[in-house]
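Numbered as in our numbering, the sequence shown ends at 195 without a single skipped number. Notes for the one structure printed next.
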Amino acid sequence: MIKINNKIFEKIISDVEIENSISRIANEISSLKVENPIFLCVLNGSFIFASDLVRKINQNIEVSFVKISSYIGTKSTGAVKELIGLKNDIKKRNIIIVEDIVDTGTTLSELFKILKKLEVKSIRTATLLYKPDSYHGKIPIDFIGFSIPSRFVIGYGLDYDEIGRNLPHIYKLKH
Ligand code: IMP
21 MIKINNKIFE KIISDVEIEN SISRIANEIS SLKVENPIFL CVLNGSFIFA
71 SDLVRKINQN IEVSFVKISS YIGTKSTGAV KELIGLKNDI KKRNIIIVED
121 IVDTGTTLSE LFKILKKLEV KSIRTATLLY KPDSYHGKIP IDFIGFSIPS
171 RFVIGYGLDY DEIGRNLPHI YKLKH
């Protein structure tokens, strides 16, 4: 059990289970033999998943870390999503998005909108964790580590108020 700011978290997925699941995903991706892919890792949560995943891919790939930020535009249009950190020219490239967790799917659909405008060739999505009961997106998710109940989780890159990212296992918030 882990305690952060008076909240109790209990272990639901161990480091060994995570590693096995990542090996499976890496094999699935490698066997597709996607031409010259760019792994687009969405910060901050995906940094550990991304580093474990890419080391198990047995072909030449590019790796890029991006962040999606929302800022208030100068006009009255409200919040605008922006992709920060993209160095590569991704036009006509095959993209593999690397996410720590897909919850409602809002982040993923925003990212798809941005990538489509940049005229990429194809987009696939890999996520370590997926909450099917919360997901209301239309985008199919190609590679899933674990489908989990719609409960708040931490560890292995995921945080609660920035704490917990370094935990090797995944923990859920206890009621
Ligand atoms: P979505 O846009 O609702 O799919 O949420 C995606 C983002 O919300 C993730 O990249 C996380 O940063 C955050 N998030 C969603 N669920 C959790 C959770 O259980 N623990 C920690 N962060 C979460």
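For glycine and all other residues, C-beta sits at the position ideal for the given N, C-alpha and C.
- Under the 10 Å beta carbon count, serine 51 is surrounded by fewer than 16 other beta carbons and is classified as exposed.
- Beyond the five residues adjoining it in sequence on each side, aspartate 179 comes within less than 8 Å, by CB distance, of Asn64, Gly65 and Arg185 in the same chain, given in chain order.
- Tyrosine 180 is bridged by DSSP to Ile183.
- When the five nearest sequence neighbours on each side are left out, the beta carbons in the same chain lying within less than 7 Å of the beta carbon of leucine 103 are those of Val86, Ile88 and Ile134, in order along the chain.
- One thing to note: glycine 165 has its Cβ no nearer than 8 Å to the Cβ of serine 43.
- Exposed is the label assigned to arginine 75, since fewer than 16 other Cβ atoms lie within 10 Å of its Cβ.
- Straight across, the Cα-Cα distance linking asparagine 47 with histidine 189 is about 22 Å.
- Judged by DSSP secondary structure, threonine 147 falls within the beta strand (DSSP E) whose first and last residues are 142-150.
- Within its own chain, the residues whose Cβ lies closer than 7 Å to the Cβ of isoleucine 45, once the five positions on either side in sequence are excluded, are Leu73, Ala146, Phe163 and Gly165, listed in chain order.
- Valine 36: member of the alpha helix (DSSP H) spanning 35-52, first to last residue.
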